[in-house]
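Report on the following structure.
Protein chains in written order, with our numbering: chain V, 1 to 117; chain A, 1001 to 1113.
This is the structure we're talking about:
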């Protein structure tokens, strides 16, 4: 079974631009979560989508947004990029079965490394 | 406010010996805990998890211990192997936001031959 796929792997943008990152979850997984990893703040939760609806949101400004499509694929968008947005953006998918906690384990992609100049 | 803390940024262990990685948390609402391993240029890989109704969970060379009263968990790796060299993250979630993981800062484990 293919794992979580994130594209692109690397991205260079300049301040003020916007960027869209893509995530394809493991087949059958309906929940997709996004995380930002920086040396200073570590891994921080951005948001989670389930059945095309944002179900949880972290403490990030409105410049960070996302969406999920009917096939569970997800995109994350950052508008008006700032230097501090340079980070590794990780996507994780999980099966999410209401019964078994074990099925809530999140499986991560390799990430998209975003550099803002 | 760091709700999950890994106070040791790095740990060096000899091959074949036991590696013990520690994690403390402050939020008493956390009821599910996970350990992930991360190699450079890869995403975190799930290792082992434990529910708050248990105090120990074992999977091969990996054992996680949970002490709820101390709000402390630890990951034991026995015996340690060179391939275990990686950054290890502790993560926690509460029942309400099971998909919202709160991560520690990570501990870099180095296994020396």
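Ideal Cβ positions, reconstructed from N, Cα and C, are used throughout, including at glycine.
Only a predicted model underlies this, so the values are computations on that prediction, with no experimental measurement involved.
DSSP places residue 104 of chain V within a helical segment (H, G or I) once states are collapsed to three. Taking the C-beta atoms as reference points, residue 1051 of chain A is found no nearer than 8 Å to residue 1024 of chain A. In this structure the stretch 20-35 of chain V lies against the stretch 75-92 of chain V, because at least three pairs of beta carbons, one per stretch, are closer than 8 Å.
Legend: CB atoms of the stretch 1010-1035 of chain A lying less than 8 Å from CB atoms of chain V belong to residues 1032 and 1034.
Distance from the Cα of residue 1055 of chain A is smallest, within the candidate group A:1049, A:1067, A:1044 and A:1006, for A:1067. Between residue 1046 of chain A and residue 43 of chain V, the C-beta spacing is not below 8 Å. For chain V, none of the residues of the stretch 1057-1072 of chain A brings a beta carbon within less than 9 Å of one of its beta carbons.
Residue 1037 of chain A does not reach chain V, its nearest Cβ partner there being about 11 Å away, counting only Cβ pairs nearer than 9 Å. Within the model, the alpha-carbon separation for residue 74 of chain V versus residue 35 of chain V is close to 13 Å. With 16 or more other Cβ atoms from the protein chains shown falling within 10 Å of its own Cβ, residue 48 of chain V counts as buried.
Using a 10 angstroms sphere on the CB of residue 1033 of chain A, the tally of other CB atoms reaches 16 or more, which defines it as buried.
When the alpha-carbon of residue 9 of chain V is set against those of V:115, V:116 and V:111, the nearest one is in V:111. In the DSSP assignment, residue 75 of chain V falls within the unbroken beta strand (DSSP E) covering 74-78. In the three-state DSSP reduction, residue 40 of chain V falls in the coil class, being neither helix nor strand. Contact between residue 1073 of chain A and residue 1064 of chain A holds, with the beta-carbon distance rounding to 6 Å and staying under 8 Å.
At a cut-off of 8 Å between C-beta atoms, residue 1054 of chain A does not count as an interface residue with respect to chain V. For residue 1094 of chain A, the three-state secondary structure derived from DSSP is strand.
In this structure, residue 1006 of chain A lies away from residue 1027 of chain A, with their beta-carbon atoms at least 8 Å apart. For the stretch 6-34 of chain V, the set of positions with a beta-carbon nearer than 7 Å to some beta-carbon of chain A reads 31 and 33 in chain order. Taking 8 Å as the cut-off, the beta carbon of residue 64 of chain V is found closer than this to the beta carbon of residue 46 of chain V. The residues 1019, 1080 and 1111, in chain order, have a CB closer than 6 Å to that of residue 1013 of chain A in the same chain once the five nearest residues on each side in sequence are set aside. DSSP places residue 1076 of chain A in the uninterrupted beta strand (DSSP E) bounded by 1072-1077. Across the structure, residue 16 of chain V and residue 1100 of chain A are spaced so that their CA atoms are roughly 29 Å apart.
The Cβ atoms of residue 88 of chain V and residue 6 of chain V do not sit closer than 8 Å to each other.
Under the three-state reduction of DSSP output, residue 66 of chain V falls in the strand class.
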